[in-house]
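See below for the structure under consideration.
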Amino acid sequence: MNSKIQNDIKELVEEQVITNEVAIDIENFYKYKKESSPNRLFTVFAVLGSALVGLGIILILAHNWDNFSRSIKTVFAFTPLIIGQFIVGYTILKKKSATWREASGVFLFFAVGASMALVSQIYNTPGDFSSYMLMWILLCAPLIYLLKSNTLAILHIVFATNYACSYGYFDGNQTPWLYLILLVIIIPHYYQLLKNKKTHNVTSIFNWFLPLSVVIVLGAFVYRSEEFGFLMYVILFGLFYNIGKSPFFDNQKLRRNGYLILGSLGTIYMLMFASFEWLWKDILRHDIIFNSQEFYISIILFLLALSVLIYSHSKKWIQSFNLFQYVFIIFTAIFFIGITSSIIPTILVNLIILVLGIVAIKIGADKFHFGILNYGLLIITALIVCRFFDTNMSFVVRGLLFVCVGVGFFLTNYMMLKKQKSIRN
Amino acid sequence: MKTIHIFILFIVVAIAQIFVPAQMIFNKESVINTGTAYRFKTQPVDPSDPYRGKYINLNYEISSFVTTDTLWERKDKVYVYLDTDSLGFAKVNQVSKVPLNLNKDFIVGEVWWYNKNKQKLNFNLPFNRYYMEETKAYDAEVAVRNNQQDSIKNNTYALVYIKNGEAVLNDVIINEMSIKDYVEKK
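Those protein sequences? They're chains A and B, same order as listed. Going by this note's numbering, the first residue of the first sequence is number 921, and it counts up by one from there. Going by this note's numbering, the first residue of the second sequence is number 7, and it counts up by one from there.
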């Protein structure tokens, strides 16, 4: 048990807030709770250990031992694999603890990669890094469910992202459709985590890694029409923001809510780009191809985001108007205006950013959250900094603007601090 | 699910995990044992791969072919049909987008780019990597470069076995000696 709790209990007994019996009950409760939970630290070290051993084996094999014959090298290729399989088999049969399951699974994961790598070395199989990665991931995917292993699931996401990037970005201009299947494979595991271990740290890792992976990979789905690629990202961030706003995620701590933070930051980031006129001039210069995969992906993402929004309304989750949740709809409309004009969209986007900044400040003030309040102020500052670069405003006006925002920072924070104090008293 | 069921499923997965590399081995062995050996003139340079270690990249002398077919896209498959020249080195007989009914060995390469002026198709051969012990890869590159300066003719070639479009790069030979031994001797 935590010594702080012990001290608190002692103090409470001394001050006669609780009786001795209650104190003993509380101590017993914590003792029992500790016994029933597995040793997490040990699991972490076991996983780290087996990951390092597995990676070490890959590196040792990558030395390409010339002196051994092909058959001995082949035996080497299979040894770590068979050892890993034995340990995993033993873990399953003997119903070993989570520590065993995680560690043996991770070891086997790297052993599979090592054996395939060595075979391609022995026979000088050429490049094609992505198909090697894909085979590796697929061969290990069932282990996630057989071992109920979170680490394997995380490795799956990381390697799937790596695969999609190497296939989509580096191996030429191809669309990594199989990445979607790799995502679907992980969904049941994630669903179970959300259902049963909503507040665990592991689940929040997934809440971050999954959307982050999609953000990284989405660009690989842009084939020709880069303009729609831009729209795809804005809608994706809108989707994430709306998912993050559902009470399931919104009622948790903010740092667990990767969807909300990524959605919000991403939206602002994309809008900042769109607040420059050159982007719209660029769109004007190119022909917009409607019959393109980017257009269809945009539609699908839009429908997804819209249905999350409508569902939230039907469940009465949305009490007050929050512009962040609707930005993707407004931006889509602006985007199509942008096909014929470059000035109107630029002005509209600048207005939206300004309003978003104000909305964030208001949310921060309502919640008494200094972080969100200052985030709002930062949005407005960033907007002004951006305008610094491309307008012919006189230096005096720009200087005055900066002074105003700076004073705004002081005033709003000061006012909120004061308000907070008066409420406390 | 019962433990035994999970275990049975795991056995299936484990067999698949062994099967994939094993199948790769069987394929390659069958090409080496029953395929035809070709010699491709080449020049090596040395990079490395994060998982598989150091290798030398092989640039082949036959990497282009004159063809009137102009519709080639980068990364397209190209069927390269082979012959041997008077000195016994491999040369291109024909290239095609689809398999042809020729009684000749072929390899499946990848289109690099089409030079419209010269009507020349440039392609990559699917066996451009030769894995070497990490300390030797760079030496090998240097050795080849020096050897080319010494002798007038390029006598570095890759020994490749080919069967039904599958190719296995077995060795790289300099002055009639395996590059592994050549590097050690130098």
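Every residue gets a Cβ at the ideal spot worked out from N, C-alpha and C, and that includes glycine. As the structure is a prediction and not an experimental result, all values here were calculated from the model.
Under the 9 Å criterion on CB atoms, glycine 1326 of chain A is classed as non-interfacial with respect to chain B. When only Cα atoms are considered, glutamate 947 of chain A and isoleucine 1249 of chain A end up about 54 Å apart. Chain-order list of chain A residues neighbouring threonine 9 of chain B: Ile1012, Leu1013, Lys1015, by C-beta distance under 8 Å. Counting the other CB atoms within 10 Å of its CB gives tryptophan 1020 of chain A a total of 16 or more, which places it among the buried residues. Runs of alpha helix (DSSP H) with 4 or more residues, each lying fully within the segment 946 to 1009 of chain A, are found at 960 to 981, listed in chain order. Residues of chain A whose Cβ lies closer than 7 Å to the Cβ of glycine 171 of chain B do not exist; the shortest such Cβ separation is about 14 Å. Secondary structure at valine 1247 of chain A: helix, using DSSP grouped into helix, strand and coil.
When beta bridges are read from the DSSP output, tryptophan 119 of chain B appears opposite B:Asn128. Beta bridge pairing from DSSP links glutamate 172 of chain B with B:Lys169.
A direct Cα-to-Cα measurement between leucine 108 of chain B and arginine 80 of chain B gives close to 25 Å. By alpha-carbon distance to valine 1122 of chain A, the top candidate from A:Phe949, A:Lys993, A:Tyr1110, A:Ser1261 is A:Tyr1110. Glycine 1183 of chain A and isoleucine 62 of chain B have their alpha carbons spaced roughly 45 Å apart. Distance from the Cα of isoleucine 1209 of chain A is smallest, within the candidate group A:Ser1240, A:Val1142, A:Phe1196, for A:Val1142. Rounded to the nearest whole angstrom, the C-alpha separation of glutamine 1213 of chain A and glycine 1178 of chain A is 28 Å. With fewer than 16 other beta carbons inside 10 angstroms of its own, tyrosine 952 of chain A counts as exposed. Annotation: glycine 974 of chain A to phenylalanine 1030 of chain A spans about 5 Å, alpha carbon to alpha carbon.
Within chain B, the residues Gln23 have their CB atoms less than 8 Å from the CB of valine 1032 of chain A, given in chain order. Cβ-Cβ distances below 7 Å link leucine 1191 of chain A to Val1269, Ile1272, Ile1273 in the same chain, with the five nearest sequence neighbours on each side left out; the list follows chain order. Alanine 1061 of chain A places its beta carbon 9 Å or farther from that of isoleucine 978 of chain A. Rounded to the nearest angstrom, the Cβ distance from phenylalanine 1160 of chain A to proline 1131 of chain A is 5 Å, consistent with a contact under 8 Å. Assignment of isoleucine 185 of chain B by DSSP, reduced to helix, strand and coil, places it in the helix class. Around the beta carbon of phenylalanine 1308 of chain A, fewer than 16 other beta carbons lie within 10 angstroms, which makes this residue exposed.
For a Cβ distance threshold of 7 Å, residue set Gly59, Glu139, Glu140 of chain B lies close to histidine 983 of chain A, ordered along the chain. Per the C-alpha coordinates, the member of A:Phe1027, A:Ala1302, A:Leu1321 positioned closest to leucine 972 of chain A is A:Phe1027.
For valine 114 of chain B, the secondary structure class from DSSP, reduced to helix, strand or coil, is strand. Isoleucine 1042 of chain A belongs to the set of residues whose beta carbon lies under 9 Å from a beta carbon in chain B. Chain A has no Cβ within less than 9 Å of the Cβ of valine 150 of chain B. Within chain B, no C-beta atom comes less than 8 Å from the C-beta of valine 1078 of chain A; the nearest is roughly 14 Å away.
By the CB criterion at 9 Å, isoleucine 1292 of chain A and alanine 1280 of chain A fall inside the cutoff. Non-local C-beta neighbours of isoleucine 938 of chain A in its own chain, meaning closer than 6 Å and more than five positions away in sequence, comprise Leu932, ordered along the chain.
Threonine 48 of chain B is bridged by DSSP to B:Tyr66. For glutamine 100 of chain B, the enclosing beta strand (DSSP E) starts and ends at 96 to 102. For threonine 90 of chain B, no alpha helix (DSSP H) encloses it; the enclosing beta strand (DSSP E) starts and ends at 83 to 90. Buried is the label assigned to asparagine 1070 of chain A, since at least 16 other Cβ atoms lie within 10 Å of its Cβ. Annotation: valine 995 of chain A has no Cβ neighbours in chain B at a cutoff of 8 Å; minimum Cβ distance is about 11 Å.
Just so you know, the alpha carbons of threonine 1332 of chain A and tyrosine 1295 of chain A end up roughly 12 Å apart.
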